[in-house]
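Colleague:
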Amino acid sequence: MAASQTTPWNLISGILGVICLFLMATIGILLKDLYPKQSIQPTLSPDAITELQKGPNCCSCPERWIGYHCNCYFFSGELKTWKESRDFCVSQNSSLLQIENGDKLHFMSSIKYFYWIGLSYHKECDAWLWEDGSSVSQDLLPLVQKLSPEKCVIYNARQSVFDISCDNKYHFICKQKFI
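Sequential numbering of the sequence shown, starting at 1, is according to UniProt numbering.
1. Would you give the residue range spanned by the beta strand (DSSP E) that K83 belongs to?
2. By DSSP, does K177 sit in helix, in strand, or in coil?
3. Check whether the Cβ atoms of C166 and W82 sit closer than 8 Å, and answer yes or no.
4. Quick check: the region 116-134 against the region 148-157, are at least 3 beta-carbon pairs closer than 8 Å?
5. So which of I99, G133, D126, S134 has the shortest CA-CA distance to Q160?
6. Would you kindly work out how many angstroms separate the C-alpha atoms of F162 and L16, rounded to a whole number?
7. Relative to the alpha-carbon of I164, which residue among G133, S148, H171 has its alpha-carbon at the smallest distance?
8. Since H122 is in the beta strand (DSSP E), which residue starts that stretch and which ends it?
9. Could you check whether K80 and F172 sit closer than 8 Å to each other, using their CB atoms as the reference points?
10. Answer with buried or exposed for I66, where buried requires no fewer than 16 other C-beta atoms within 10 angstroms of its C-beta.
11. Which word fits L96, buried or exposed, when buried means at least 16 other C-beta atoms lie within 10 angstroms of its C-beta?
12. Taking the alpha carbon of A127 as the point to measure from, which residue in I111, K146, S91, G28 has its own alpha carbon closest?
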């Protein structure tokens, strides 16, 4: 008979259990909204993005791309291999970043990651070339000749380049040129 009898403590523990489940569900929903799935988003600071968008508006860039000097730049939030990064850029009618002038990219001084760029070694030419086939300026990237031809190149804001296995995953920068 004692098993079927409801005491105030049983009722209170049942109510507290329901409240606990409700609170856990609420926290789960809030955390889901707070930490959405990783998507491709710019990794620049808000100040740098504002600076870029204040420049001359001579081109219209796709969503999540940043306009600067009549070009559009995409700073990935995702990590990909060099080939995956190149393929993504091609799918967006762009190419991995080709660095032509160090002064042009002063806005990169606020970034903290290393990024894949569009520089690779071509055995038939025995040289490091950009994706469009042009050669690398020794003034801009003087250490490029010391890199391993079997690897790919990452770049950071301090104009540092390193050779890394092409299968490693890094952020990347795509660039669309506008004429």
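Where a beta carbon is used, it is the ideal one built from N, C-alpha and C, also for glycine. Please read all numbers here as calculations on a predicted model, not as lab measurements.
Modeller: On the basis of the coordinates in this document:
1. From DSSP, K83 is part of no beta strand (DSSP E) but of the alpha helix (DSSP H) over 82-91.
2. strand
3. yes
4. yes
5. Correcting the residue identity first, residue 160 is Ser in this sequence and not Gln. Closest option to S160, Cα to Cα, is I99.
6. 58 Å
7. S148
8. 119-122
9. yes
10. buried
11. buried
12. Checked all of I111, K146, S91, G28; the closest Cα to A127 is K146.
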